[in-house]
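Below is one structure, written out as structure tokens, with a few remarks after it.
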Amino acid sequence: MEDQGTTPPIARAASLELLTGPSHGKMTWLSAATVDVTVTPQRMIRVSEPRPGEPPGDLIARLHSADETYEIEVPEDRAVWVNGVRINTRRLEDRDIIEFGESGPLSRFCLHGEGTTNRKTIVDIVNDSIAYLRVSRQPLVKRVLRATRELLRQITRETTILFRTTVIVAILALAALMYQQSRLNALLQQRIESGAARLDSFATAITRAGEQSLRPSDLEVLRQELGHRLTSDADRLAVLEKRSQASARIIAASIPSVVFIQGGYGFRERSSKRMLRHVADDSGRPLTGPLGQPLLAL
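With the numbering used here applied, the sequence shown corresponds to residues 22 to 319, in that order.
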């Protein structure tokens with residue numbers, strides 16, 4: 022088995038590229054006119070030239086060169102599928118998908134012209150995944166999981182560094198855009214909730230105002246209550262006026278009976294019959310003693 026980087030031995034060579042199995046991603050060059058293909062118990066494909074007199078053994082298919090390609094021949098007791106169709110013999114074309122046996126791995130038959138390279142492009146990688154999904158006879162869920170895993174593996178290992186860097190930058194940009202979009206969605210949701218709360222508050226206020234608005238019956242009750250209050254206040258005012266007029270009449274009737282007498286009082290010393298007087302300073306203000314009592318003199 023030769024690696025991917027090996028140069029083909031002839032101008033237009035053929036190879037088998039393993040798409041599944043333990044050796045998936047490996048490439049085996051077909052250079053002999055006739056080669057035998059066997060599958061080991063470990064699901065690995067072995068390609069070798071036939072030896073005269075050797076029993077077929079585990080032979081599952083034989084390839085014969087024909088017109089710059091190969092023709093596959095399958096023994097009667099073996100099962101081989103090409104592009105999902107079971108065959109006994111068939112001329113292979115470029116990029117045919119071959120499944121060797123029930124448990125054998127999927128392989129791609131490739132023809133290489135002069136000057137072709139072995140490096141896969143992103144289109145080739147995607148086409149391999151699509152071909153596996155279309156040709157494999159595994160359950161759908163298993164096919165999808167394996168194709169996705171193989172697609173990611175080939176993108177991370179078999180593409181150029183520039184392409185990987187571009188993909189990483191694109192993923193980071195997409196993640197940043199998704200994060201920004203989530204923030205905008207959250208902000209928009211908050212604004213919507215705030216607007217809904219305001220609308221609810223406004224509707225509640227309108228409902229409350231409608232409930233508290235004055236109806237004609239309320240106005241009639243208010244008019245009657247104001248009328249009762251005015252009547253009661255007028256009655257009270259009349260009573261107060263009567264009381265004030267009665268007081269004036271009583272005072273007027275009592276004036277002739279009132280006598281005003283003017284008098285005064287003082288202290289007189291008995292022996293000298295002289296009046297006691299306050300002692301005053303030059304300004305005429307009465308003087309007091311140490312205990313605060315007024316000073317008196319005859």
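Each residue gets a CB set at the ideal place from its N, CA and C atoms; glycine is no exception.
Counting of Cβ neighbours within 10 angstroms places VAL144 among the exposed residues, the total staying below 16. If you look at GLU290, you'll find it isn't in any alpha helix (DSSP H); DSSP assigns it neither H nor E.
In this structure HIS133 is buried. Its beta-carbon is surrounded by 16 or more other beta-carbon atoms within 10 angstroms. In terms of CA proximity to ALA53, SER86 leads the group VAL101, SER86, LEU39.
Judged by DSSP in its simplified three-state form, HIS45 adopts coil rather than helix or strand. Non-local beta-carbon contacts of GLU94 in its own chain, meaning distances under 6 Å to residues more than five positions away in sequence, involve ARG83, THR110 in chain order.
Across the set ALA318, ARG250, GLU232, ALA274, the C-alpha of ALA318 shows the shortest separation from the C-alpha of ARG295.
Check the Cα spacing between GLU120 and each of ILE66, LEU261, ARG167: the tightest is with ILE66.
In the three-state scheme derived from DSSP, where H, G and I count as helix and E and B as strand, SER36 is classed as strand. Distance from the Cα of LEU127 is smallest, within the candidate group MET48, ASP221, PRO71, for MET48. ILE182 and GLY105 have their alpha carbons spaced roughly 35 Å apart. It is roughly 16 Å from the alpha-carbon of GLU114 to the alpha-carbon of ARG107.
Pairing THR90 with PRO71 gives a Cβ-Cβ distance that is not under 7 Å. Relative to the Cα of ARG164, the nearest Cα in the group LEU173, TYR153, ARG174 belongs to TYR153. The continuous alpha helix (DSSP H) containing GLU214 extends over residues 182–233. Between PRO96 and LEU80, the beta carbon gap of about 6 Å places them in contact (Cβ cut-off 8 Å). DSSP places ALA301 outside any alpha helix (DSSP H), giving it a letter other than H or E.
Per DSSP, reduced to three states, the secondary structure at ASP117 is strand. In the displayed model, ALA273 falls within a helix according to three-state DSSP. Rounded to whole angstroms, the Cβ separation of GLY42 and ARG64 is 5 Å, and the two are in contact under 8 Å. Between the alpha carbons of SER222 and SER150 lies a gap of roughly 58 Å.
In this structure, LEU40 sits away from ARG99, with a CB-CB distance that is not shorter than 7 Å. In terms of Cβ geometry, ILE189 and VAL156 do not form a close pair [threshold 7 Å]. In this structure, DSSP gives GLU70 a state outside helix and strand, which the three-state scheme calls coil.
Boundaries cannot be given for GLU123, as no beta strand (DSSP E) includes it and DSSP labels it neither H nor E. Apart from the 5 residues on each side of it in sequence, SER293 sits with its Cβ closer than 8 Å to the Cβ of LEU319 in its chain, given in chain order. For ASP98, the secondary structure class from DSSP, reduced to helix, strand or coil, is coil. Around the beta carbon of GLY125, 16 or more other beta carbons sit within 10 angstroms, so the residue counts as buried.
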